[in-house]
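Visitor:
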Amino acid sequence: MEKISSTLVNWASILAPATRAQAETTATMPFIHPHVALMPDAHLGLGATVGSVIPTLGAIMPAAVGVDIGCGMIAVRTQFSRDELPRYAVELREAIECAVPLSAGVYNTAVKLDHTAARVADLEERAAAAEFDPTAYAANWRLQVGTLGSGNHFIEVTVDGDDRVWLFLHSGSRGVGNKIAQHHIKVAQQLNERWWISLPHKDLAYLVEGTDEFWAYISQMRWAQHFALLNREEMMDRVVAAFESWVGADVVRHEEINCHHNYTEQEKHFGKQVWLSRKGAISARHGEPGLIPGSMGTASYVVVGKGNPVALHSSPHGAGRAHSRAAARRLFTREQLREAMAGIEYRDTDAFIDEIPMAYKDIDQVMLDAAELVEVRHVLRQIVNVKGD
1 MEKISSTLVN WASILAPATR AQAETTATMP FIHPHVALMP DAHLGLGATV
51 GSVIPTLGAI MPAAVGVDIG CGMIAVRTQF SRDELPRYAV ELREAIECAV
101 PLSAGVYNTA VKLDHTAARV ADLEERAAAA EFDPTAYAAN WRLQVGTLGS
151 GNHFIEVTVD GDDRVWLFLH SGSRGVGNKI AQHHIKVAQQ LNERWWISLP
201 HKDLAYLVEG TDEFWAYISQ MRWAQHFALL NREEMMDRVV AAFESWVGAD
251 VVRHEEINCH HNYTEQEKHF GKQVWLSRKG AISARHGEPG LIPGSMGTAS
301 YVVVGKGNPV ALHSSPHGAG RAHSRAAARR LFTREQLREA MAGIEYRDTD
351 AFIDEIPMAY KDIDQVMLDA AELVEVRHVL RQIVNVKGD
(Lines of atoms letter the chains of each structure in order from A and count residues from 1; the text may use other names and numbers.)
(Lines give C-alpha, C1' and ligand atoms only; values in the text may rest on other atoms or scores of the structure.)
Protein backbone atom coordinates (compact mmCIF):
# COMPACT_ATOMS: atom_id res chain seq x y z
CA MET A 1 0.00 0.00 0.00
CA GLU A 2 1.20 3.48 -0.93
CA LYS A 3 -0.26 6.60 0.66
CA ILE A 4 -0.09 9.15 -2.16
CA SER A 5 -1.84 11.88 -0.17
CA SER A 6 -4.23 12.28 2.75
CA THR A 7 -7.12 11.57 0.34
CA LEU A 8 -5.56 8.93 -1.97
CA VAL A 9 -4.26 5.47 -1.07
CA ASN A 10 -2.85 3.16 -3.75
CA TRP A 11 -2.43 -0.63 -4.05
CA ALA A 12 -1.27 -0.66 -7.69
CA SER A 13 2.43 -1.40 -8.26
CA ILE A 14 1.83 -0.89 -12.01
CA LEU A 15 0.40 2.61 -12.36
CA ALA A 16 0.73 4.85 -15.42
CA PRO A 17 1.45 8.53 -14.70
CA ALA A 18 -1.78 9.64 -16.39
CA THR A 19 -3.76 7.20 -14.24
CA ARG A 20 -2.13 8.48 -11.06
CA ALA A 21 -2.84 12.07 -12.08
CA GLN A 22 -6.49 11.27 -12.80
CA ALA A 23 -6.93 9.59 -9.41
CA GLU A 24 -5.25 12.51 -7.66
CA THR A 25 -7.69 14.89 -9.33
CA THR A 26 -10.69 12.83 -8.22
CA ALA A 27 -9.34 12.74 -4.66
CA THR A 28 -9.39 16.56 -4.50
CA MET A 29 -13.18 16.73 -4.71
CA PRO A 30 -14.42 18.43 -1.51
CA PHE A 31 -16.87 15.72 -0.46
CA ILE A 32 -14.42 12.76 -0.41
CA HIS A 33 -14.38 10.96 2.96
CA PRO A 34 -11.93 9.73 4.05
CA HIS A 35 -9.92 8.93 0.89
CA VAL A 36 -10.03 7.35 -2.56
CA ALA A 37 -8.68 3.79 -2.62
CA LEU A 38 -6.89 2.86 -5.84
CA MET A 39 -7.01 -0.85 -6.64
CA PRO A 40 -4.15 -2.92 -8.17
CA ASP A 41 -5.85 -3.01 -11.59
CA ALA A 42 -6.28 0.79 -11.82
CA HIS A 43 -6.16 2.36 -15.26
CA LEU A 44 -7.41 5.48 -17.03
CA GLY A 45 -11.19 5.87 -17.22
CA LEU A 46 -13.94 8.35 -18.08
CA GLY A 47 -13.68 11.13 -15.49
CA ALA A 48 -12.65 8.80 -12.67
CA THR A 49 -10.12 5.99 -12.73
CA VAL A 50 -11.25 2.44 -13.46
CA GLY A 51 -10.22 0.44 -10.40
CA SER A 52 -11.02 3.11 -7.81
CA VAL A 53 -13.21 3.16 -4.73
CA ILE A 54 -14.68 6.59 -4.09
CA PRO A 55 -16.50 7.43 -0.81
CA THR A 56 -18.51 10.66 -0.90
CA LEU A 57 -20.62 12.67 1.54
CA GLY A 58 -23.84 14.22 0.26
CA ALA A 59 -23.02 13.88 -3.44
CA ILE A 60 -22.45 11.32 -6.19
CA MET A 61 -20.47 11.66 -9.42
CA PRO A 62 -22.27 9.46 -11.99
CA ALA A 63 -19.14 9.06 -14.11
CA ALA A 64 -17.34 7.76 -11.03
CA VAL A 65 -19.83 4.89 -10.90
CA GLY A 66 -19.26 4.06 -14.56
CA VAL A 67 -21.25 3.86 -17.77
CA ASP A 68 -21.76 0.08 -17.72
CA ILE A 69 -23.78 0.16 -14.51
CA GLY A 70 -23.69 -3.07 -12.52
CA CYS A 71 -21.16 -4.75 -14.80
CA GLY A 72 -19.81 -7.84 -13.09
CA MET A 73 -19.13 -11.55 -13.09
CA ILE A 74 -20.93 -14.81 -12.33
CA ALA A 75 -19.36 -18.24 -11.88
CA VAL A 76 -20.83 -21.70 -11.29
CA ARG A 77 -18.85 -24.70 -10.05
CA THR A 78 -20.18 -27.90 -11.60
CA GLN A 79 -19.82 -31.51 -10.45
CA PHE A 80 -17.68 -32.39 -13.48
CA SER A 81 -13.95 -32.85 -13.68
CA ARG A 82 -11.96 -32.08 -16.79
CA ASP A 83 -11.37 -35.73 -17.69
CA GLU A 84 -15.15 -36.29 -17.85
CA LEU A 85 -15.64 -33.76 -20.65
CA PRO A 86 -16.12 -34.69 -24.32
CA ARG A 87 -13.09 -34.34 -26.52
CA TYR A 88 -14.16 -31.67 -28.99
CA ALA A 89 -14.57 -28.34 -27.16
CA VAL A 90 -15.30 -26.55 -30.44
CA GLU A 91 -18.79 -28.06 -30.33
CA LEU A 92 -19.42 -26.46 -26.92
CA ARG A 93 -18.07 -23.08 -28.03
CA GLU A 94 -20.34 -23.07 -31.06
CA ALA A 95 -23.34 -24.16 -28.95
CA ILE A 96 -22.75 -21.29 -26.51
CA GLU A 97 -22.39 -18.84 -29.40
CA CYS A 98 -25.79 -19.98 -30.66
CA ALA A 99 -27.44 -19.83 -27.22
CA VAL A 100 -26.20 -16.38 -26.16
CA PRO A 101 -26.39 -13.43 -28.58
CA LEU A 102 -22.92 -11.88 -28.85
CA SER A 103 -21.50 -8.51 -29.87
CA ALA A 104 -22.79 -4.94 -29.68
CA GLY A 105 -26.19 -4.43 -31.29
CA VAL A 106 -27.11 -8.14 -31.35
CA TYR A 107 -30.37 -8.90 -29.57
CA ASN A 108 -32.62 -11.76 -28.43
CA THR A 109 -34.90 -11.92 -31.45
CA ALA A 110 -34.75 -15.67 -32.09
CA VAL A 111 -34.75 -17.24 -28.63
CA LYS A 112 -37.82 -16.99 -26.38
CA LEU A 113 -37.57 -18.82 -23.06
CA ASP A 114 -39.80 -18.84 -19.97
CA HIS A 115 -37.00 -17.73 -17.66
CA THR A 116 -36.18 -14.84 -20.02
CA ALA A 117 -39.77 -13.62 -19.91
CA ALA A 118 -39.84 -13.90 -16.10
CA ARG A 119 -36.75 -11.74 -15.78
CA VAL A 120 -38.13 -9.16 -18.20
CA ALA A 121 -41.36 -9.04 -16.15
CA ASP A 122 -39.32 -8.52 -12.97
CA LEU A 123 -37.52 -5.58 -14.58
CA GLU A 124 -40.79 -4.10 -15.83
CA GLU A 125 -42.20 -4.19 -12.29
CA ARG A 126 -39.07 -2.60 -10.84
CA ALA A 127 -39.09 0.15 -13.45
CA ALA A 128 -42.72 0.93 -12.63
CA ALA A 129 -41.86 1.08 -8.92
CA ALA A 130 -38.97 3.42 -9.73
CA GLU A 131 -41.38 5.56 -11.76
CA PHE A 132 -39.41 5.62 -14.99
CA ASP A 133 -39.68 4.03 -18.42
CA PRO A 134 -36.52 2.28 -19.65
CA THR A 135 -37.79 2.50 -23.23
CA ALA A 136 -37.08 6.23 -23.05
CA TYR A 137 -33.41 5.21 -23.02
CA ALA A 138 -33.47 2.08 -25.18
CA ALA A 139 -36.65 0.98 -26.96
CA ASN A 140 -35.33 -2.58 -27.32
CA TRP A 141 -34.04 -3.05 -23.76
CA ARG A 142 -36.12 -6.22 -23.29
CA LEU A 143 -34.24 -7.83 -26.17
CA GLN A 144 -30.94 -7.01 -24.46
CA VAL A 145 -31.66 -9.34 -21.53
CA GLY A 146 -29.44 -12.40 -21.95
CA THR A 147 -26.94 -10.79 -24.35
CA LEU A 148 -23.18 -10.60 -23.83
CA GLY A 149 -21.98 -7.56 -25.74
CA SER A 150 -18.36 -7.14 -26.80
CA GLY A 151 -15.06 -5.68 -25.55
CA ASN A 152 -13.75 -7.37 -22.42
CA HIS A 153 -17.00 -9.26 -21.77
CA PHE A 154 -16.68 -13.02 -22.07
CA ILE A 155 -18.07 -16.48 -21.40
CA GLU A 156 -15.59 -19.16 -20.36
CA VAL A 157 -15.37 -22.79 -19.34
CA THR A 158 -12.53 -23.14 -16.83
CA VAL A 159 -10.99 -25.64 -14.46
CA ASP A 160 -9.60 -25.06 -10.97
CA GLY A 161 -6.52 -26.58 -9.32
CA ASP A 162 -8.44 -29.79 -8.60
CA ASP A 163 -9.55 -30.02 -12.26
CA ARG A 164 -13.17 -29.21 -11.32
CA VAL A 165 -15.09 -27.48 -14.11
CA TRP A 166 -16.41 -23.93 -13.60
CA LEU A 167 -18.61 -21.89 -15.94
CA PHE A 168 -17.68 -18.19 -15.79
CA LEU A 169 -18.91 -15.04 -17.51
CA HIS A 170 -18.56 -11.25 -17.38
CA SER A 171 -21.10 -8.67 -18.59
CA GLY A 172 -23.27 -5.76 -17.47
CA SER A 173 -26.37 -3.65 -18.10
CA ARG A 174 -25.81 -3.47 -21.85
CA GLY A 175 -27.00 -0.51 -23.93
CA VAL A 176 -29.81 0.53 -21.63
CA GLY A 177 -27.47 0.87 -18.64
CA ASN A 178 -25.04 2.89 -20.71
CA LYS A 179 -27.78 5.27 -21.86
CA ILE A 180 -29.00 5.73 -18.27
CA ALA A 181 -25.48 6.54 -17.11
CA GLN A 182 -24.76 8.94 -19.98
CA HIS A 183 -28.04 10.79 -19.34
CA HIS A 184 -27.30 11.40 -15.68
CA ILE A 185 -23.70 12.42 -16.35
CA LYS A 186 -25.08 15.14 -18.65
CA VAL A 187 -27.68 16.17 -16.06
CA ALA A 188 -24.91 16.55 -13.47
CA GLN A 189 -22.81 18.61 -15.87
CA GLN A 190 -25.73 20.90 -16.68
CA LEU A 191 -26.59 21.42 -13.02
CA ASN A 192 -22.99 22.17 -12.06
CA GLU A 193 -22.77 24.69 -14.88
CA ARG A 194 -26.05 26.30 -13.78
CA TRP A 195 -24.76 26.52 -10.19
CA TRP A 196 -21.46 28.07 -11.34
CA ILE A 197 -19.47 25.18 -9.86
CA SER A 198 -15.89 25.00 -11.06
CA LEU A 199 -14.77 21.42 -11.70
CA PRO A 200 -11.25 20.03 -12.28
CA HIS A 201 -12.79 17.90 -15.05
CA LYS A 202 -16.28 17.98 -16.55
CA ASP A 203 -16.78 14.24 -15.96
CA LEU A 204 -16.42 14.80 -12.22
CA ALA A 205 -19.75 16.63 -12.28
CA TYR A 206 -21.89 15.61 -9.33
CA LEU A 207 -25.46 15.37 -8.12
CA VAL A 208 -26.32 16.72 -4.66
CA GLU A 209 -28.09 14.42 -2.21
CA GLY A 210 -31.66 15.48 -1.52
CA THR A 211 -32.38 16.86 -4.99
CA ASP A 212 -34.85 15.25 -7.39
CA GLU A 213 -32.04 14.69 -9.87
CA PHE A 214 -29.98 12.82 -7.27
CA TRP A 215 -32.76 10.41 -6.34
CA ALA A 216 -33.76 9.90 -9.98
CA TYR A 217 -30.21 8.76 -10.65
CA ILE A 218 -30.12 6.48 -7.62
CA SER A 219 -33.39 4.72 -8.51
CA GLN A 220 -32.49 4.27 -12.17
CA MET A 221 -28.93 3.22 -11.36
CA ARG A 222 -30.28 0.56 -8.99
CA TRP A 223 -32.63 -0.67 -11.73
CA ALA A 224 -29.72 -0.94 -14.19
CA GLN A 225 -27.66 -2.72 -11.54
CA HIS A 226 -30.43 -5.30 -11.15
CA PHE A 227 -30.70 -5.57 -14.94
CA ALA A 228 -27.00 -6.46 -15.06
CA LEU A 229 -27.40 -9.11 -12.35
CA LEU A 230 -30.38 -10.72 -14.10
CA ASN A 231 -28.60 -10.47 -17.44
CA ARG A 232 -25.74 -12.55 -16.06
CA GLU A 233 -28.13 -15.06 -14.53
CA GLU A 234 -29.99 -15.36 -17.83
CA MET A 235 -26.82 -15.97 -19.80
CA MET A 236 -25.58 -18.48 -17.23
CA ASP A 237 -28.84 -20.45 -17.55
CA ARG A 238 -28.28 -20.62 -21.31
CA VAL A 239 -24.61 -21.58 -20.92
CA VAL A 240 -25.56 -24.33 -18.46
CA ALA A 241 -28.15 -25.65 -20.92
CA ALA A 242 -25.58 -25.71 -23.75
CA PHE A 243 -23.05 -27.42 -21.48
CA GLU A 244 -25.61 -30.03 -20.39
CA SER A 245 -26.37 -30.89 -24.02
CA TRP A 246 -22.65 -31.21 -24.72
CA VAL A 247 -21.84 -33.50 -21.78
CA GLY A 248 -25.17 -35.36 -21.91
CA ALA A 249 -26.03 -34.84 -18.23
CA ASP A 250 -27.59 -32.25 -15.95
CA VAL A 251 -25.34 -29.75 -14.18
CA VAL A 252 -25.32 -29.67 -10.39
CA ARG A 253 -24.50 -26.12 -9.26
CA HIS A 254 -22.28 -26.82 -6.27
CA GLU A 255 -21.37 -23.16 -5.87
CA GLU A 256 -22.52 -19.92 -7.52
CA ILE A 257 -21.06 -16.43 -7.12
CA ASN A 258 -22.52 -13.28 -8.73
CA CYS A 259 -20.83 -9.93 -8.02
CA HIS A 260 -20.76 -6.52 -9.67
CA HIS A 261 -18.16 -3.76 -9.92
CA ASN A 262 -19.73 -0.53 -11.30
CA TYR A 263 -22.19 0.72 -8.69
CA THR A 264 -22.72 2.85 -5.58
CA GLU A 265 -24.15 1.89 -2.21
CA GLN A 266 -24.50 3.51 1.20
CA GLU A 267 -21.91 2.05 3.56
CA LYS A 268 -20.30 3.12 6.82
CA HIS A 269 -16.57 3.85 6.67
CA PHE A 270 -14.37 5.66 9.14
CA GLY A 271 -17.29 6.70 11.29
CA LYS A 272 -19.55 8.15 8.61
CA GLN A 273 -22.30 6.93 6.29
CA VAL A 274 -20.99 7.52 2.77
CA TRP A 275 -22.03 6.80 -0.79
CA LEU A 276 -19.35 4.32 -1.79
CA SER A 277 -18.83 4.14 -5.56
CA ARG A 278 -16.87 1.16 -6.77
CA LYS A 279 -15.78 1.82 -10.35
CA GLY A 280 -14.01 -1.31 -11.52
CA ALA A 281 -13.77 -2.71 -8.00
CA ILE A 282 -15.69 -5.37 -6.10
CA SER A 283 -16.87 -5.52 -2.51
CA ALA A 284 -14.45 -7.55 -0.37
CA ARG A 285 -15.88 -7.54 3.14
CA HIS A 286 -14.45 -10.13 5.52
CA GLY A 287 -15.54 -13.57 4.33
CA GLU A 288 -17.36 -12.27 1.24
CA PRO A 289 -16.84 -14.37 -1.91
CA GLY A 290 -15.76 -12.63 -5.11
CA LEU A 291 -14.48 -13.14 -8.63
CA ILE A 292 -11.44 -11.51 -10.26
CA PRO A 293 -11.04 -12.46 -13.93
CA GLY A 294 -7.77 -12.15 -15.76
CA SER A 295 -7.56 -11.27 -19.42
CA MET A 296 -8.30 -13.42 -22.44
CA GLY A 297 -6.01 -16.45 -22.15
CA THR A 298 -4.88 -15.93 -18.54
CA ALA A 299 -6.05 -17.17 -15.14
CA SER A 300 -9.06 -15.97 -13.19
CA TYR A 301 -9.47 -16.09 -9.41
CA VAL A 302 -12.17 -17.08 -6.98
CA VAL A 303 -11.47 -15.10 -3.82
CA VAL A 304 -12.80 -14.26 -0.38
CA GLY A 305 -12.56 -10.75 1.05
CA LYS A 306 -10.36 -9.79 3.98
CA GLY A 307 -12.40 -6.69 4.89
CA ASN A 308 -9.42 -4.32 4.69
CA PRO A 309 -10.74 -1.05 6.20
CA VAL A 310 -8.22 1.23 4.46
CA ALA A 311 -9.22 -0.30 1.11
CA LEU A 312 -12.84 0.43 2.07
CA HIS A 313 -13.62 -3.31 2.04
CA SER A 314 -12.85 -3.54 -1.69
CA SER A 315 -10.60 -5.38 -4.13
CA PRO A 316 -9.69 -5.30 -7.85
CA HIS A 317 -12.15 -6.52 -10.46
CA GLY A 318 -9.72 -7.86 -13.04
CA ALA A 319 -6.35 -7.36 -14.69
CA GLY A 320 -6.83 -3.75 -15.82
CA ARG A 321 -5.68 -2.48 -19.19
CA ALA A 322 -2.02 -1.67 -19.79
CA HIS A 323 -2.61 -0.50 -23.39
CA SER A 324 -5.61 1.18 -24.99
CA ARG A 325 -7.48 -0.75 -27.65
CA ALA A 326 -5.99 1.38 -30.42
CA ALA A 327 -2.47 0.93 -29.02
CA ALA A 328 -2.96 -2.84 -28.69
CA ARG A 329 -3.93 -3.10 -32.34
CA ARG A 330 -0.74 -1.26 -33.28
CA LEU A 331 1.48 -3.31 -30.98
CA PHE A 332 0.21 -6.88 -31.39
CA THR A 333 -0.66 -9.31 -34.15
CA ARG A 334 -3.14 -12.11 -34.71
CA GLU A 335 -0.28 -14.60 -34.61
CA GLN A 336 0.70 -13.36 -31.15
CA LEU A 337 -2.92 -13.80 -30.06
CA ARG A 338 -2.87 -17.38 -31.34
CA GLU A 339 0.29 -18.06 -29.34
CA ALA A 340 -1.26 -16.55 -26.19
CA MET A 341 -4.40 -18.69 -26.64
CA ALA A 342 -2.57 -21.97 -27.24
CA GLY A 343 -4.55 -24.86 -25.78
CA ILE A 344 -7.76 -22.81 -25.37
CA GLU A 345 -10.74 -23.22 -27.68
CA TYR A 346 -11.71 -19.76 -29.01
CA ARG A 347 -12.92 -18.07 -32.19
CA ASP A 348 -9.77 -17.18 -34.16
CA THR A 349 -10.37 -13.65 -35.49
CA ASP A 350 -8.62 -10.29 -35.85
CA ALA A 351 -11.49 -8.78 -33.85
CA PHE A 352 -9.90 -9.92 -30.58
CA ILE A 353 -6.39 -8.51 -31.06
CA ASP A 354 -7.18 -5.59 -28.73
CA GLU A 355 -8.15 -8.18 -26.06
CA ILE A 356 -4.81 -10.03 -26.24
CA PRO A 357 -3.44 -10.76 -22.73
CA MET A 358 -0.44 -8.48 -23.30
CA ALA A 359 -2.83 -5.51 -23.59
CA TYR A 360 -3.58 -6.00 -19.89
CA LYS A 361 -1.59 -5.87 -16.68
CA ASP A 362 -0.05 -9.11 -15.48
CA ILE A 363 -2.90 -10.68 -13.48
CA ASP A 364 -0.41 -12.49 -11.24
CA GLN A 365 1.12 -9.14 -10.23
CA VAL A 366 -2.34 -7.68 -9.68
CA MET A 367 -3.13 -10.53 -7.31
CA LEU A 368 0.17 -10.09 -5.46
CA ASP A 369 -0.75 -6.43 -5.00
CA ALA A 370 -4.16 -7.54 -3.71
CA ALA A 371 -2.76 -9.85 -1.02
CA GLU A 372 -3.91 -7.46 1.74
CA LEU A 373 -7.40 -7.30 0.23
CA VAL A 374 -8.44 -10.86 -0.63
CA GLU A 375 -7.50 -14.48 -0.06
CA VAL A 376 -7.35 -16.68 -3.16
CA ARG A 377 -9.57 -19.79 -2.96
CA HIS A 378 -9.23 -21.09 -6.51
CA VAL A 379 -7.19 -20.29 -9.60
CA LEU A 380 -9.20 -20.98 -12.77
CA ARG A 381 -7.62 -21.84 -16.13
CA GLN A 382 -9.61 -21.50 -19.35
CA ILE A 383 -10.36 -24.33 -21.72
CA VAL A 384 -13.08 -22.53 -23.75
CA ASN A 385 -13.42 -18.78 -24.40
CA VAL A 386 -16.40 -17.06 -26.05
CA LYS A 387 -16.42 -13.34 -26.90
CA GLY A 388 -18.35 -10.91 -29.06
CA ASP A 389 -16.75 -8.95 -31.89
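For the sequence shown, position 174 matches number 174 in our numbering, and the numbering has no gaps at all.
Backbone N, C-alpha and C define an ideal beta-carbon position, used for all residues, glycine too.
Would Lys-279 and Ser-52 qualify as a contact pair, given that the criterion is a beta-carbon distance under 7 Å?
Guide: The residue given as residue 279 occupies position 279 in the sequence shown. The residue given as residue 52 occupies position 52 in the sequence shown. A contact, by the Cβ cut-off of 7 Å.
Visitor: Could you say if the stretch 352 to 360 and the stretch 18 to 26 meet the contact criterion of at least three C-beta pairs nearer than 8 Å?
Guide: Output reads no: the stretch 18 to 26 does not touch the stretch 352 to 360.
Visitor: I'd like to check one pair, Phe-31 with Tyr-49: are the Cβ atoms closer than 7 Å?
Guide: The residue labelled residue 49 in the question sits at position 49 within the sequence shown. The residue labelled residue 31 in the question sits at position 31 within the sequence shown. Reading off the sequence, residue 49 comes out as Thr, not Tyr. Taking 7 Å as the Cβ cut-off, Thr-49 and Phe-31 do not qualify as a contacting pair.
Visitor: Identify the residues that DSSP records as bridge partners of Ala-351: which are they?
Guide: Translated into the one-based positions of the sequence shown, residue 351 becomes position 351. None; Ala-351 has no bridge partner.
Visitor: The beta strand (DSSP E) that contains Thr-158, what's its start and end?
Guide: Position 158 of the sequence shown, counting from 1, holds the residue named residue 158. Start and end: 154 to 159.
Visitor: Determine the DSSP secondary structure at Arg-334, reduced to helix, strand or coil.
Guide: Numbered from its first residue, the sequence shown carries residue 334 at position 334. Helix at Arg-334.
Visitor: Per DSSP, what kind of secondary structure is Met-221 in: helix, strand or coil?
Guide: Start at 1 with the first residue of the sequence shown, and residue 221 comes out as number 221. Residue state, collapsed to three classes: helix.
Visitor: Taking the DSSP output, what are the residues bridged to Gln-382?
Guide: Looking up residue 382 in the sequence shown gives position 382. Answer is Thr-158, bridged to Gln-382.
Visitor: Would you kindly work out how many angstroms separate the C-alpha atoms of Glu-2 and Ala-311, rounded to a whole number?
Guide: For the purposes of this step, residue 2 is identified with residue 2 of the sequence shown, where counting begins at 1. For the purposes of this step, residue 311 is identified with residue 311 of the sequence shown, where counting begins at 1. Computed Cα separation, rounded: 11 Å.
Visitor: Less than 7 Å between the C-beta atoms of Ser-171 and Gly-149, yes or no?
Guide: Here residue 171 refers to the residue found at position 171 of the sequence shown. Here residue 149 refers to the residue found at position 149 of the sequence shown. Yes, these two residues count as a Cβ contact at 7 Å.
Visitor: What does a CB cutoff of less than 6 Å around His-269 pick up in its chain, not counting 5 residues either side in sequence?
Guide: As a first step, residue 269 is located in the sequence shown; it is residue number 269 there, counting from the start. Answer for His-269: Pro-55, Leu-312, listed in chain order.
Visitor: Return the Cβ separation of Ile-180 and Asp-203 in integer angstroms, given the expectation that the two are a contact with Cβ distance under 8 Å.
Guide: Here residue 180 refers to the residue found at position 180 of the sequence shown. Here residue 203 refers to the residue found at position 203 of the sequence shown. About 16 Å separates the two Cβ atoms, so there is no contact after all.
Visitor: My understanding is that Glu-97 touches Val-384, with C-beta atoms under 8 Å, so please give their C-beta distance in whole angstroms.
Guide: Position 97 of the sequence shown, counted from the first residue, corresponds to residue 97. Position 384 of the sequence shown, counted from the first residue, corresponds to residue 384. About 11 Å separates the two Cβ atoms, so there is no contact after all.
Visitor: To the nearest angstrom, report how far apart Pro-309 and Ser-283 are at their CA atoms.
Guide: Taking the sequence shown and counting its residues from 1, the one referred to as residue 309 is at position 309. Taking the sequence shown and counting its residues from 1, the one referred to as residue 283 is at position 283. Cα to Cα, the separation comes out at about 12 Å.
Visitor: Tell me the DSSP secondary structure of Glu-391 in three-state form.
Guide: Lying before the first or after the last residue shown, residue 391 is absent from the chain, which here runs from 1 to 389.
Visitor: Compare the C-alpha of Ser-6 against each of Leu-15, Pro-17, Thr-28, Ala-16 and name the closest.
Guide: Within the sequence shown, residue 6 is the residue found at index 6, counting from 1. Ranking the options by Cα distance to Ser-6, first place goes to Thr-28.
Visitor: So, is Asp-369 buried or exposed, given that buried needs 16 or more other C-beta atoms within 10 angstroms?
Guide: Counting from 1 along the sequence shown, the entry for residue 369 is found at position 369. Result: buried.
Visitor: Measure how close the beta-carbons of Ala-42 and Leu-15 come, nearest whole angstrom, since I'm counting them as under 8 Å.
Guide: Here the question's residue 42 lines up with position 42 in the sequence shown. Here the question's residue 15 lines up with position 15 in the sequence shown. Between Leu-15 and Ala-42 the Cβ distance is about 6 Å, and since that is below 8 Å, they are a contact.
Visitor: Rank Thr-78, Ile-60, Ala-64 by C-alpha distance to the C-alpha of Ala-249 and give the top, closest one.
Guide: For the purposes of this step, residue 249 is identified with residue 249 of the sequence shown, where counting begins at 1. Closest option to Ala-249, Cα to Cα, is Thr-78.
Visitor: Which of the three DSSP states, helix, strand or coil, is assigned to Met-296?
Guide: Against the sequence shown, residue 296 aligns to sequence position 296. In this structure, Met-296 counts as coil in the three-state DSSP scheme.
Visitor: Work out the CA separation of Ala-95 and Ala-242 for me, nearest whole Å.
Guide: For the purposes of this step, residue 242 is identified with residue 242 of the sequence shown, where counting begins at 1. For the purposes of this step, residue 95 is identified with residue 95 of the sequence shown, where counting begins at 1. One C-alpha to the other measures close to 6 Å.
Visitor: What whole-angstrom Cβ distance do Asn-140 and Asp-68 have, given they're in contact under 8 Å?
Guide: Start at 1 with the first residue of the sequence shown, and residue 140 comes out as number 140. Start at 1 with the first residue of the sequence shown, and residue 68 comes out as number 68. Contact doesn't hold; Cβ gap of about 17 Å is too wide.
Visitor: Would you call the stretch 59 to 66 and the stretch 181 to 201 in contact, with 3 or more CB pairs under 8 Å?
Guide: Contact between the stretch 59 to 66 and the stretch 181 to 201 is present, because at least three Cβ pairs lie under 8 Å.
Visitor: Tell me, which residues are paired with Asn-10 by DSSP?
Guide: Within the sequence shown, residue 10 is the residue found at index 10, counting from 1. Note: Asn-10 sits in a beta bridge opposite Glu-2, Leu-38.
Visitor: What is the DSSP secondary structure of His-170, reduced to helix, strand or coil?
Guide: By one-based count along the sequence shown, residue 170 stands at place 170. His-170: strand per DSSP, three-state reduction.
Visitor: I'd like to know whether the C-beta of Val-247 is nearer than 7 Å to at least one C-beta of chain B.
Guide: The chain labelled as chain B is not found in the depicted structure, where only one protein chain is given.
Visitor: Using 10 angstroms around the beta-carbon of Trp-11, count the other beta-carbons present and answer buried if the total reaches 16, otherwise exposed.
Guide: Reading the sequence shown from its first residue, position 11 is the one you call residue 11. Burial call: buried.
Visitor: Scan the stretch 116 to 159 and note each continuous beta strand (DSSP E) run of 3 residues or more that stays entirely inside, going in chain order.
Guide: Counting only runs of 3 or more, we get 154 to 159.
Visitor: Going by Cα to Cα distance, which pick from Ser-219, Thr-147, Asp-362 is closest to Ala-128?
Guide: Along the sequence shown, read from residue 1 onward, the residue named residue 128 stands at position 128. Taking only the C-alpha atoms, the option nearest Ala-128 is Ser-219.
Visitor: Closest to Ser-277 by CA distance: which of Gln-225, Glu-233, Val-251 is it?
Guide: Translated into the one-based positions of the sequence shown, residue 277 becomes position 277. Of the candidates Gln-225, Glu-233, Val-251, the one whose C-alpha sits nearest the C-alpha of Ser-277 is Gln-225.
Visitor: Which residues does DSSP pair with Arg-278 in a beta bridge?
Guide: As a working note, residue 278 is residue 278 in the sequence shown. According to DSSP, which records beta bridges pairwise, Arg-278 is partnered with Val-53, Tyr-263.
Visitor: Taking Ile-74 as part of the beta strand (DSSP E), name the residues at either end of that continuous run.
Guide: On the sequence shown, residue 74 is found 74 positions in, with the first residue counted as 1. Note, Ile-74: beta strand (DSSP E), 72 to 81.
Visitor: Using the Cα positions of Ala-205 and Val-36, report the straight-line distance between them to the nearest angstrom.
Guide: As a first step, residue 205 must be located in the sequence shown, where it is residue number 205. As a first step, residue 36 must be located in the sequence shown, where it is residue number 36. Cα to Cα, Ala-205 sits roughly 17 Å from Val-36.
Visitor: Just grab the DSSP bridge partners of His-43 for me.
Guide: If you number the sequence shown from 1, residue 43 lands on position 43. In the DSSP output, where bridge partners are listed per residue, His-43 has Val-50.
Visitor: Am I right that Val-274 and Val-374 are in contact with their C-beta atoms under 8 Å? What's the rounded C-beta distance?
Guide: Mapped onto the sequence shown, residue 274 falls at position 274. Mapped onto the sequence shown, residue 374 falls at position 374. At roughly 22 Å, the Cβ-Cβ gap does not stay under 8 Å, so Val-274 and Val-374 are not in contact.
Visitor: Under the rule that 16 or more other beta-carbon atoms within 10 Å means buried, what is His-254, buried or exposed?
Guide: Here residue 254 is taken as the residue at index 254 of the sequence shown, counted from 1. The residue in question, His-254, is exposed, as its Cβ has fewer than 16 Cβ neighbours within 10 Å.
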